[in-house]
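Trainee:
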Amino acid sequence: MQGVLEAPAQKTSWLGSSRGRTKRIVVYATIVFYLFVVMLPLYWMFRSSISENDQMYGTAIEFFPSKFTLAQFDAAINKWKFGLYLSNSIAVGLVTTVLTTVIATLGAYSLVRLRFPGRAALARSILFVYLIPGGLLFIPLFLIMQRIGLLNSQLALVVSYQSFAIPFCTWMLIGYFKGIPPEMEEAAQIDGASRLQSMRLVLLPMAAPGLVAAAVFTFTLSWNEFLFALVFITSDSFRTLPVGLAGLIRGDIYLWGPMMAGSVLAAIPVMLLYTLANRMLVQGLAAGAVKG
Amino acid sequence: MSVQSAVLRHTKYRDMTARHKEWVLGYAMLVPAFIFILGLVAYPAAWAIYLAFTDKVIGQTEHFVGFKNFAFIIGWPDFGHMILNTLMLAVVGVGIKAFVGLSMALALNEQFFGRTVVRALLFLPWTVPAFVAGLIWRWMYDDQNGLFNWALLNLGVISQPISWLGDIHWAMPAVMSVVIWKGFPFFAIAYLAGMQAISSEQYEAAEVDGANAWHRFFYITVPSLRHVMLVTVMLSLIWTANTFDIVFIMTRGGPSNATEVFPMLIYDQGIRNGRIGEASAAAMLAVPVFAGLIIILTRYLGDKDEERV
Numbered sequence: 001m002q003g004v005l006e007a008p009a010q011k012t013s014w015l016g017s018s019r020g021r022t023k024r025i026v027v028y029a030t031i032v033f034y035l036f037v038v039m040l041p042l043y044w045m046f047r048s049s050i051s052e053n054d055q056m057y058g059t060a061i062e063f064f065p066s067k068f069t070l071a072q073f074d075a076a077i078n079k080w081k082f083g084l085y086l087s088n089s090i091a092v093g094l095v096t097t098v099l100t101t102v103i104a105t106l107g108a109y110s111l112v113r114l115r116f117p118g119r120a121a122l123a124r125s126i127l128f129v130y131l132i133p134g135g136l137l138f139i140p141l142f143l144i145m146q147r148i149g150l151l152n153s154q155l156a157l158v159v160s161y162q163s164f165a166i167p168f169c170t171w172m173l174i175g176y177f178k179g180i181p182p183e184m185e186e187a188a189q190i191d192g193a194s195r196l197q198s199m200r201l202v203l204l205p206m207a208a209p210g211l212v213a214a215a216v217f218t219f220t221l222s223w224n225e226f227l228f229a230l231v232f233i234t235s236d237s238f239r240t241l242p243v244g245l246a247g248l249i250r251g252d253i254y255l256w257g258p259m260m261a262g263s264v265l266a267a268i269p270v271m272l273l274y275t276l277a278n279r280m281l282v283q284g285l286a287a288g289a290v291k292g
Numbered sequence: 001m002s003v004q005s006a007v008l009r010h011t012k013y014r015d016m017t018a019r020h021k022e023w024v025l026g027y028a029m030l031v032p033a034f035i036f037i038l039g040l041v042a043y044p045a046a047w048a049i050y051l052a053f054t055d056k057v058i059g060q061t062e063h064f065v066g067f068k069n070f071a072f073i074i075g076w077p078d079f080g081h082m083i084l085n086t087l088m089l090a091v092v093g094v095g096i097k098a099f100v101g102l103s104m105a106l107a108l109n110e111q112f113f114g115r116t117v118v119r120a121l122l123f124l125p126w127t128v129p130a131f132v133a134g135l136i137w138r139w140m141y142d143d144q145n146g147l148f149n150w151a152l153l154n155l156g157v158i159s160q161p162i163s164w165l166g167d168i169h170w171a172m173p174a175v176m177s178v179v180i181w182k183g184f185p186f187f188a189i190a191y192l193a194g195m196q197a198i199s200s201e202q203y204e205a206a207e208v209d210g211a212n213a214w215h216r217f218f219y220i221t222v223p224s225l226r227h228v229m230l231v232t233v234m235l236s237l238i239w240t241a242n243t244f245d246i247v248f249i250m251t252r253g254g255p256s257n258a259t260e261v262f263p264m265l266i267y268d269q270g271i272r273n274g275r276i277g278e279a280s281a282a283a284m285l286a287v288p289v290f291a292g293l294i295i296i297l298t299r300y301l302g303d304k305d306e307e308r309v
């Protein structure tokens, strides 16, 4: 499948088939404007992460820095616990992703390949649940976590993230499994394979790209999550990156250098994964891989 | 006895028709997913309804208080502010995102130099984690050392730094700018994908028939994108009305409640003040709006799913 981003331009669009000058000026002007708007904040993040403190504050601000330094990265990692937040984020993300992907694969297989009463209603309820905003649920979830003693532990995040990760991942895999013709699995079953064998040995290898994409998106959902991470974790040693970095905003001291260095490090893996997975964008998009 | 019954059960299982076996397997494979969904969504939702009718405070046992919380919430000025702020952010924010996304998709669907690279670059904000977007813009809006004040002062547009996030008039537009920057590529990708499904022949035929560009846009492009527009706008309304991370990082709802939006108010009241009862009642009042949007969306996305190959 060709990604949306690589697809060729249309020969004829609503603007017409002519290669008029006005048309080209309008198109280029629009693109240059949007490139500026999109790139400026990203540039500023990057630029702040490699600048000396004395070129970042007050009247000494330089748009193009004359000196480079890795001091901000050093401060983020060695002074401001970036490494701790990072390892917490990775641990929560990995465990969440593995758990979610296994559960969602089973569910999606059932909803796509098996016929049983209530199948369509259950499939819809998965989508319905995914769309329920976390803002409605975090208060009772907080009390539940408190009651079962998970508050202030990474397990609280892994468990609570299942509330959106499972519906999301299942919904995405439903779309992907539907695109794979069932004939090969049926052939395997005629040759004596059980349903689960045909799923494991025939469907899953064919669905590998979709599984990888679903896992990647699930990981980034966990990586980016802020509200539950803020509410369910109270001690600094369990914080994940989003809340940990945001905690560096302090009224009187300027920590923007380390914060931007941390932001660069937190954003790069996700940006890379998304760009690499962009062929899956449309499926991810349909399922709301990233909230826009 | 137990061996016998086990054998009996086994035979019974074997004797079931293949159809029934499929039923059992189908439900069994969904059990893990629905254990989590029931435990983490259905149960908390039911509990939240109960809590809304109690005086629950964190760390104390609750008592039933009837509609007292609802009466308090409805008469509470902060709640009115929150509704207005949330509507403002969601409606204006989503409107601008949709418009910007559409114009970008239209441009990106044309032939130009470096198209693939430009498309990838313009979609970057979509890939940036929201908390990172919040941090970058919080820094750019900083009143003393931020990029915007520095640039505007140097260009002579302003003579005094503006306290963007500390001013009740500027704070909401500032927050909204981040929400838009982060969110418009979602619309652009969706519209671009929709446009790629429209055949060039349609436009050529219309051109031959003498339709001008606006006719072609309103009679071919817009109708073809109707479904995707509806879905993206409704999805984004739900998400934007629930913006928490960006608001928390930039303003924490301030100054003087100028950016206090729905999840922020629930957080302040429920977690910071510990007033679980009132917070739950406020959340309950928002349920009909979200439920309406979600039900319509489920129908649309579900229908689309049936067509999905």
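Those protein sequence lines, which keep their order, are chains A and B. Sequential numbering from 1 applies to the first sequence in the working numbering. Sequential numbering from 1 applies to the second sequence in the working numbering. Ideal Cβ placement from N, Cα and C applies to all residues, glycine included.
1) Nearest-angstrom Cα distance between alanine 132/A and alanine 258/B?
2) Out of curiosity, what's the CA-to-CA distance linking alanine 18/B and alanine 33/B?
3) Could you work out which residues of chain B lie near isoleucine 166/A, taking near to mean beta carbons separated by less than 7 Å?
4) Contact between the segment 249-267 of chain B and the segment 169-186 of chain B is defined here as three or more beta-carbon pairs at a separation below 8 Å; is this criterion met?
5) Beta-carbon within less than 7 Å of leucine 248/A's beta-carbon, same chain only, minus the 5 sequence neighbours each way: which residues are those?
6) Taking 8 Å as the CB-CB limit, is isoleucine 276/B close to chain A?
7) In chain A, which residues lie less than 9 Å from methionine 82/B when you measure between Cβ atoms?
8) Count the other CB atoms within 10 Å of the CB of phenylalanine 79/B; is the residue buried (16 or more) or exposed (fewer)?
9) Closest to arginine 216/B by CA distance: which of His227/B, Glu204/B, Arg226/B is it?
10) Establish whether the CB of serine 103/B and some CB of chain A are separated by less than 8 Å.
11) Under the rule that 16 or more other beta-carbon atoms within 10 Å means buried, what is glycine 101/B, buried or exposed?
12) Where does methionine 284/B land, buried or exposed, given buried means 16+ other C-beta within 10 angstroms?
13) Quick one: which chain B residues come within Cβ less than 9 Å of serine 66/A?
14) Report the residues of the segment 117-137 of chain B with a CB closer than 9 Å to any CB of chain A, ordered along the chain.
15) Rounded C-beta distance between threonine 69/A and alanine 108/A? I'm assuming under 8 Å.
16) For serine 163/B, name the three-state secondary structure that DSSP assigns.
17) Measuring straight from C-alpha to C-alpha, what distance separates arginine 299/B and leucine 265/B?
18) May I have the straight-line CA-CA distance separating methionine 271/A from tryptophan 126/B, to the nearest angstrom?
19) Can you find a CB in chain B that lies within less than 8 Å of the CB of alanine 104/A?
20) What does DSSP give as the partner residue(s) for phenylalanine 345/B in the beta ladder?
21) Less than 8 Å between CB atoms is the rule here; does serine 48/A satisfy it with respect to chain B?
22) Check distances from the C-beta atoms of the segment 49-71 of chain B to those of chain A and list, in chain order, the residues that come in under 7 Å.
23) What is the rounded straight-line gap between the Cα of valine 222/B and the Cα of valine 38/A?
24) Skipping 5 residues on each side, what residues in its chain have a beta carbon closer than 6 Å to that of serine 280/B?
25) Check the Cβ-Cβ distances between asparagine 53/A and every residue of chain B, and say whether any is below 8 Å.
26) Taking the DSSP output, what are the residues bridged to phenylalanine 64/B?
27) Taking Cβ-Cβ distances shorter than 7 Å, what residues in chain A pair up with tyrosine 27/B?
28) Using beta-carbon positions only, say whether threonine 240/B and valine 287/B come within less than 8 Å of one another.
29) Is isoleucine 136/B near asparagine 149/B, with beta carbons less than 8 Å apart?
30) Going by beta carbon distance, what residues of the same chain come within less than 7 Å of tryptophan 139/B, once the five residues before and after it are set aside?
31) Check each residue of the segment 236-262 of chain A: if its Cβ is closer than 9 Å to any Cβ of chain B, include it; give the result in chain order.
32) Considering only DSSP beta bridges, list what arginine 275/B is partnered with.
33) Determine, for glycine 134/A, whether the minimum Cβ-Cβ distance to residues of chain B falls below 8 Å.
34) Could you please tell me which residues of the segment 184-207 of chain A, in chain order, have their CB closer than 7 Å to any CB of chain B?
35) Strictly under 8 Å for the Cβ-Cβ distance: is methionine 172/A near chain B by that measure?
36) Put aspartate 78/B into one of helix, strand or coil per three-state DSSP.
Mentor: Once the coordinates are examined:
1) Before going on, a small fix: residue 132/A reads as isoleucine here, not alanine. Rounded to the nearest angstrom, the two C-alpha atoms are 26 Å apart.
2) It is roughly 24 Å from the alpha-carbon of alanine 18/B to the alpha-carbon of alanine 33/B.
3) Ala33, Phe36, Ile37
4) A contact exists between the segment 249-267 of chain B and the segment 169-186 of chain B.
5) Trp80, Leu255, Pro258, Met259
6) yes
7) Going along chain A, no residue has its Cβ under 9 Å from methionine 82/B, so there is no contact; the nearest lies around 12 Å.
8) Buried, by the Cβ-count rule.
9) Relative to arginine 216/B, the option among His227/B, Glu204/B, Arg226/B whose CA is nearest is Glu204/B.
10) yes
11) Glycine 101/B comes out buried.
12) buried
13) Near serine 66/A there are no residues of chain B at all, since even the closest Cβ is about 16 Å away, more than 9 Å.
14) Val118, Arg119, Ala120, Leu121, Leu122, Phe123, Leu124, Pro125, Trp126, Thr127, Val128, Pro129, Ala130, Phe131, Val132, Ala133, Gly134, Leu135, Ile136, Trp137
15) Not confirmed; about 48 Å, so no contact.
16) coil
17) 30 Å
18) 9 Å
19) yes
20) Not covered by the structure: residue 345/B. The range shown for chain B is 1 to 309.
21) yes
22) Leu51
23) 26 Å
24) Beyond the five residues adjoining it in sequence on each side, serine 280/B comes within less than 6 Å, by CB distance, of Ala48, Leu51, Ala52 in the same chain, given in chain order.
25) no
26) Phenylalanine 64/B is bridged to Thr54/B.
27) Phe116
28) In this structure, valine 287/B does not lie closer than 8 Å to threonine 240/B by Cβ.
29) no
30) Gly146
31) Leu241, Pro242, Val243, Leu245, Ala246, Leu248, Ile249, Tyr254, Trp256, Met259, Met260, Gly262
32) Val57/B
33) True, the Cβ-Cβ gap to chain B drops below 8 Å.
34) Arg195
35) no
36) helix
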